[in-house]
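J.: Numbered according to our numbering, the sequence shown spans residues 13 to 118.
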Amino acid sequence: QSVASNSGSNSVASNSGDQSVASNSGSNSVASNSGDYSAASATGAESVALVTGYQSKARASEGSWIAIVERDLKGKILNFKTAQAGVEVEPDIFYRLKDGAFVIAE
């Protein structure tokens, strides 16, 4: 349970702990998290929020991207999808993958 946060442009906030958060508000930046039940948030322009852990969620601001891995309980990758906020998904809303489809995370 930890937090990685960054507000600089062209930067990375990365976290690998379970139930953790990676957040980045700088432009052209990345927020990534590989822990289970974790979150990544990219609120800067032209940025990416990436999650690879079980039951994790991502959100991005208008025009930025989310990238989400869906895993089973044993860690096997079931699906991997990307979407641009404001095009395929709503901006500033957390999403997960469920059966290969983007769903709003609770």
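C-beta atoms are modelled at their ideal positions from N, C-alpha and C, and glycine is treated no differently.
Below 6 angstroms CB to CB, which residues in the same chain sit around glutamate 82 once its five sequence neighbours on both sides are set aside?
T.: The count along the sequence shown starts at 1 and reaches residue 82 at position 70. Result list for glutamate 82: Leu90, Asn91 and Leu109, in chain order.
J.: Does the separation of the CB atoms of serine 19 and serine 32 fall below 8 angstroms?
T.: The residue you call residue 19 lines up with position 7 of the sequence shown. The residue you call residue 32 lines up with position 20 of the sequence shown. No, these two residues do not count as a Cβ contact at 8 angstroms.
J.: Quick one: Cα of glycine 56 to Cα of serine 21, how far?
T.: On the sequence shown, position 44 is the one that residue 56 refers to. On the sequence shown, position 9 is the one that residue 21 refers to. When rounded, the distance between both Cα atoms is 8 angstroms.
J.: Return the chain-ordered list of same chain residues with a C-beta closer than 6 angstroms to the C-beta of valine 42, the five sequence neighbours on each side being excluded.
T.: Along the sequence shown, read from residue 1 onward, the residue named residue 42 stands at position 30. If we look at valine 42 and ignore the five residues flanking it on each side, its Cβ neighbours are Val24 and Val60.
J.: Note the first and the last residue of the continuous beta strand (DSSP E) segment covering leucine 85.
T.: Here the question's residue 85 lines up with position 73 in the sequence shown. Segment: none, leucine 85 is in no beta strand (DSSP E) and carries neither H nor E.
J.: Once the 5 residues before and after serine 17 are set aside, which same chain residues still bring their CB inside 7 angstroms of it?
T.: As a first step, residue 17 must be located in the sequence shown, where it is residue number 5. Only Ala25 and Ser35 meet the Cβ criterion.
J.: Is the separation between the beta-carbon of isoleucine 80 and that of lysine 88 shorter than 8 angstroms?
T.: Working through the sequence shown from its first residue, we reach residue 80 at position 68. Working through the sequence shown from its first residue, we reach residue 88 at position 76. Contact: no.
J.: Counting C-beta neighbours from all protein chains within 10 Å, is the total for lysine 86 16 or more, i.e. buried, or is it exposed?
T.: Counting from one through the sequence shown, the residue named residue 86 turns up at place 74. Its Cβ having fewer than 16 others within 10 Å, lysine 86 is exposed.
J.: Given this structure, state the Cα-to-Cα distance separating glutamine 13 from asparagine 27, to the nearest angstrom.
T.: Along the sequence shown, read from residue 1 onward, the residue named residue 13 stands at position 1. Along the sequence shown, read from residue 1 onward, the residue named residue 27 stands at position 15. The C-alpha of glutamine 13 lies about 10 angstroms from the C-alpha of asparagine 27.
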